[in-house]
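Keeping their order, the protein sequence lines are chains A and B.
Read in order, the letters of the first sequence are residues 1 to 198 in the UniProt record's numbering.
Read in order, the letters of the second sequence are residues 1 to 206 in the UniProt record's numbering.
Cβ atoms here follow ideal geometry from the backbone N, Cα and C, with glycine treated the same way.
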Amino acid sequence: MSLDTVVEPGDGALLTVPANGRLRIVDLHGNQAVDTLFYDSHDIDNRYSAFDTIRAQRAVYLTTGSRLLSTSGDELAVITDDTCGRHDTVGGACSQESNVIRYGVHTRHQHACRQTFLTYGARAGIGQRQLTHNVNFFMNVPVTSVGDLRFDDGLSAPGRYVELTASRDLLVLISNCPQVNNPCNGWNPTPVQLLGWW
Amino acid sequence: MKHEIPAAAAWSAPVRAGRTITLTALADNANASTLIIGADRLDRLNIPDTLKSQMSARIRAGMVLMSDRGLALATVVASGSDWHDCLIGAPPDRLLQLELAKHGFGAADLHGSVNFFSKVRVTDDARASLTFDPDHARTGDSVTLRAEQDLLVFVSTAAHPLSTTEPAPIAVHIETSVQTEPAEPGGPELRAEAVRALELTRELIA
Ligand SMILES: [Zn+2]
Chain A
1 MSLDTVVEPG
11 DGALLTVPAN
21 GRLRIVDLHG
31 NQAVDTLFYD
41 SHDIDNRYSA
51 FDTIRAQRAV
61 YLTTGSRLLS
71 TSGDELAVIT
81 DDTCGRHDTV
91 GGACSQESNV
101 IRYGVHTRHQ
111 HACRQTFLTY
121 GARAGIGQRQ
131 LTHNVNFFMN
141 VPVTSVGDLR
151 FDDGLSAPGR
161 YVELTASRDL
171 LVLISNCPQV
181 NNPCNGWNPT
191 PVQLLGWW
Chain B
1 MKHEIPAAAA
11 WSAPVRAGRT
21 ITLTALADNA
31 NASTLIIGAD
41 RLDRLNIPDT
51 LKSQMSARIR
61 AGMVLMSDRG
71 LALATVVASG
81 SDWHDCLIGA
91 PPDRLLQLEL
101 AKHGFGAADL
111 HGSVNFFSKV
121 RVTDDARASL
131 TFDPDHARTG
141 DSVTLRAEQD
151 LLVFVSTAAH
161 PLSTTEPAPI
171 AVHIETSVQT
181 EPAEPGGPEL
191 RAEAVRALEL
201 TRELIA
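This is how it looks when you write it as structure tokens:
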């Protein structure tokens, strides 16, 4: 095993995962959103594209078999195991500014995922311009036939996990979401475990 | 300013705060994949933030298009359709990238787009499967956005990525607007989140 670490809510990680490496994210306590971005480690402009990924699979939710594509159409990783069953990629990451819009100005100084992305991304040259629409592992964002979207109670449970296999050398930028204003973390953000084999 | 964007072309222009930009389909099956960048040239249209704050999986009249940093970029003040796709992204399009490059932007600025005039149906199944609606856009359909700050607007008329039909031309009309109220009388109702974004934007930069 190459990686075994716990990430507290409000904290994050920047991982280097080589091609064919397997990364498992374990939802230790259930219903914890793990906001995640993927970059080609040799060219960070070739990064995860939520909407190219949705287009290619012609479905909104991610699960086993979903190919995570880049803005150039390259396969960055594939979800190769999933005991949760469904993950979001249209809800984006929380930010202090979007919290103000959604919940009011009293949330302006609560820590948010995009703070974590900027903190951990900096040493790889990932700044505001390089942040894009992410995957929210374990998060339940139903999108319906009448065109509605909402954040709902999670489908995950303690110990459920998702596993990805890298299709090329990757940087994986993770924020374990500290959001307390909606049900994405079951109103109680909790730690997750990262396991890696490469 | 009036301009006709031919089919399978790309176009961009600044749109000053307070002006409106109207896109009109000049043939059936038109598609206008649109990217917007705000006044400071860093703050881009953020589709996930736009959708989650307004509890919608589509763009329609009465929605505010929001930026990465929680500001209003534009309000959809009128629309002939209640569903503009925003889940599929812009088509891979060299011409659109060239328009971005003209303004100094590159691959890092390819963000989620609104595909005006196109509809992709969502099925209520285990994966929220998507199918393109081939009978959605009609000649003469139009959508009007009001710029809530100085914008750069990028439009591609390439066919929608899931469409099998030929691309179509789009007319653009940019006008000075005197409209300043967030909600027009009798117009679409804005959610509280949209009003908050508009108020904040007007206090700070508009
Ligand atoms: Zn978050």
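Neighbour flag for residue i against chain A, beta carbons, 8 Å
i, result
"Gly-104 (chain B)", "no"
"Asn-46 (chain B)", "yes"
"Ala-193 (chain B)", "The identity of residue 193 (chain B) in the sequence shown is Glu, whereas the question assumes Ala. Glu-193 (chain B) counts as touching chain A."
"Arg-58 (chain B)", "yes"
"Ala-183 (chain B)", "Confidence at Ala-183 (chain B) is low in this model, with a pLDDT of 49, below 50, so the placement of that residue is unreliable and no value is reported for it."
"Gly-70 (chain B)", "yes"
"Val-155 (chain B)", "no"
"Gly-89 (chain B)", "yes"
"Pro-134 (chain B)", "no"
"His-111 (chain B)", "yes"
"Lys-2 (chain B)", "no"
"Ile-174 (chain B)", "no"
"Val-114 (chain B)", "no"
"residue 228 (chain B)", "Coverage of chain B is limited to positions 1 through 206, which leaves residue 228 (chain B) absent and any answer about it impossible."
In DSSP terms, what residue i is bridged to
i, result
"Tyr-161 (chain A)", "A:Val-26"
"residue 225 (chain B)", "With chain B represented from 1 up to 206, any question about residue 225 (chain B) goes unanswered, as that position is not in the structure."
"Phe-132 (chain B)", "B:Val-120"
"Asp-88 (chain A)", "A:Asn-136"
"Leu-2 (chain B)", "The residue asked about is misnamed: residue 2 (chain B) is Lys in this sequence, not Leu. Answer is B:His-173."
"Phe-154 (chain B)", "B:Ser-12 and B:Leu-35"
"Arg-146 (chain B)", "B:Thr-20 and B:Thr-75"
"Val-6 (chain A)", "A:Gln-193"
"Asp-82 (chain A)", "A:Val-162"
Among the options, the one whose alpha carbon lies nearest that of residue i
i, options, result
"residue 240 (chain A)", "A:Leu-62, A:Val-6 and A:Met-1", "Given a span of 1 to 198 for chain A in the structure shown, any question on residue 240 (chain A) remains unanswerable."
"Pro-161 (chain B)", "B:Pro-91, B:Leu-151, B:Arg-41 and B:His-173", "B:Pro-91"
"Leu-149 (chain A)", "B:Arg-58, B:Leu-26 and B:Ala-9", "B:Arg-58"
"Arg-16 (chain B)", "B:Leu-151, B:His-173 and B:Ile-205", "B:Leu-151"
"Arg-22 (chain A)", "A:Pro-183, A:Ile-79, A:Phe-117 and A:Arg-160", "A:Ile-79"
"Ala-112 (chain A)", "A:Ala-19, A:Leu-3 and A:Gly-10", "A:Gly-10"
"Ser-175 (chain A)", "A:Asp-4, A:Leu-3 and A:Glu-8", "A:Glu-8"
"Thr-79 (chain B)", "B:Thr-50, B:Arg-146, B:Ser-113 and B:Leu-71", "Note that residue 79 (chain B) corresponds to Ser in the displayed sequence, not to Thr. It is B:Arg-146."
"Pro-167 (chain B)", "B:Leu-190, B:Thr-176 and B:Pro-134", "B:Pro-134"
"Gly-147 (chain A)", "B:Leu-130, B:Ser-56, B:Ala-13 and B:Gly-104", "B:Ser-56"
"Leu-28 (chain A)", "A:Asn-134, A:Thr-83 and A:Ala-19", "A:Thr-83"
"Arg-60 (chain B)", "B:Asp-93, B:Arg-202 and B:Arg-191", "B:Arg-191"
"Val-180 (chain A)", "A:Arg-67, A:Thr-119, A:Thr-107 and A:Asn-134", "A:Thr-107"
"Ala-10 (chain B)", "B:Ala-72, B:Leu-42, B:Val-76 and B:Arg-94", "B:Arg-94"
C-beta atoms of residue i and residue j nearer than 8 Å
i, j, result
"Pro-169 (chain B)", "Ala-39 (chain B)", "no"
"Lys-119 (chain B)", "Trp-83 (chain B)", "yes"
"Val-172 (chain A)", "Phe-51 (chain A)", "no"
"Pro-189 (chain A)", "Gln-32 (chain A)", "yes"
"residue 202 (chain A)", "Leu-3 (chain A)", "The structure shown does not extend to residue 202 (chain A), since chain A is modelled only from 1 to 198, so the question has no answer here."
"Ala-206 (chain B)", "Val-64 (chain B)", "no"
"Glu-175 (chain B)", "Thr-20 (chain B)", "yes"
"Gly-91 (chain A)", "Leu-14 (chain A)", "no"
"Asp-88 (chain A)", "Val-141 (chain A)", "yes"
"Asp-74 (chain A)", "Asn-46 (chain A)", "yes"
Min CB distance residue i to chain B below 8 Å
i, result
"Glu-97 (chain A)", "yes"
"Arg-67 (chain A)", "no"
"Leu-149 (chain A)", "yes"
"Ile-101 (chain A)", "yes"
"Ile-54 (chain A)", "yes"
"Phe-137 (chain A)", "no"
"Gln-128 (chain A)", "yes"
"Ala-122 (chain A)", "no"
"Thr-144 (chain A)", "yes"
"Gly-154 (chain A)", "no"
Exercise for review: Tell me the start and end of each unbroken beta strand (DSSP E) in the UniProt domain "DUF1989" (4–90) of chain B that is at least 3 residues and wholly inside, in chain order.
Suggested key: Runs found: 10–15, 19–25, 32–37, 64–66 and 72–79.
Review point. Along the chain, which unbroken stretches of the alpha helix (DSSP H) at least 4 residues long are found entirely within the stretch 15–80 of chain A?
Key: 50–57
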